[in-house]
Each structure stands twice: as structure tokens, then as C-alpha cells.
Amino acid sequence: MKVLFPVALVAALFASSAYADEISNPADQIREQAQSVKTRAQVVSELQAARRAGAMGEVGEDVEYGQHAAVTSQLSRAQVAAEALKARIAGNVQVGELEG
Numbered sequence: 000m001k002v003l004f005p006v007a008l009v010a011a012l013f014a015s016s017a018y019a020d021e022i023s024n025p026a027d028q029i030r031e032q033a034q035s036v037k038t039r040a041q042v043v044s045e046l047q048a049a050r051r052a053g054a055m056g057e058v059g060e061d062v063e064y065g066q067h068a069a070v071t072s073q074l075s076r077a078q079v080a081a082e083a084l085k086a087r088i089a090g091n092v093q094v095g096e097l098e099g
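Going by numbering that gives the first Met the number 0, 80 is the number at position 81 of the sequence shown; the sequence numbering is gapless.
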């Protein structure tokens, strides 16, 4: 029994450190997922071209990105909530992350 505890403790420490290495730096995970096919110079060039064309504003400038039609509903908030609950109970709504 005295030998079993230290062995279990060491095994737990190694297992937890191996797991910690996998997730210790979220920035690495984001960097891997966001690999670009363009160079920084290409992106800067495209940004400058968009600004010259008037498609982008300058930093700190209030920019209007287009007008959207006003969205109105014929249902009350309570009616929408009731329909959503009914759909969820019926299994027609997926809750959580989407697979993709």
C-alpha cells in the first residue's frame, strides 16, 4: 500500500503534465487554425487599395458599412420564445456547437 500511493502520484503527475502541454498555449492553436495563404505585404496592399476605393475607413473613423432593411416581426417576444421552446422539445433545434 505504501508503494502504490507514490506510484499512482507519479503517474498522475506525468499524465497531467502531458495533457497540460497539449492545451497550455491557446495562441498556438489559434495560429494553426488561422494559417494564411497571403503574405503580410499582400494583405497590407489589399487594405490600402480598399481604402483608396472608399471601401474601408481609417482607424478611429466612424464608418457606415451599408444600410440594412429594418427587420420587424409580427410576433411578440413571448410568442417567439414559446415557438423556440416547442421546436426544442420536438428536437428541431440543435443546441451547442455545430459540426462542420
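For every residue, glycine included, the Cβ atom is placed at its ideal position computed from N, Cα and C.
DSSP places Leu46 inside the alpha helix (DSSP H), whose first and last residues are 39-51.
When rounded, the separation of the alpha-carbon atoms in Gln41 and Gly90 is 46 Å.
Note that the C-beta distance between Val92 and Ala86 is below 7 Å.
Non-local beta-carbon contacts of Val43 in its own chain, meaning distances under 6 Å to residues more than five positions away in sequence, are absent.
Leu84 and His67 have their C-alpha atoms spaced approximately 29 Å apart.
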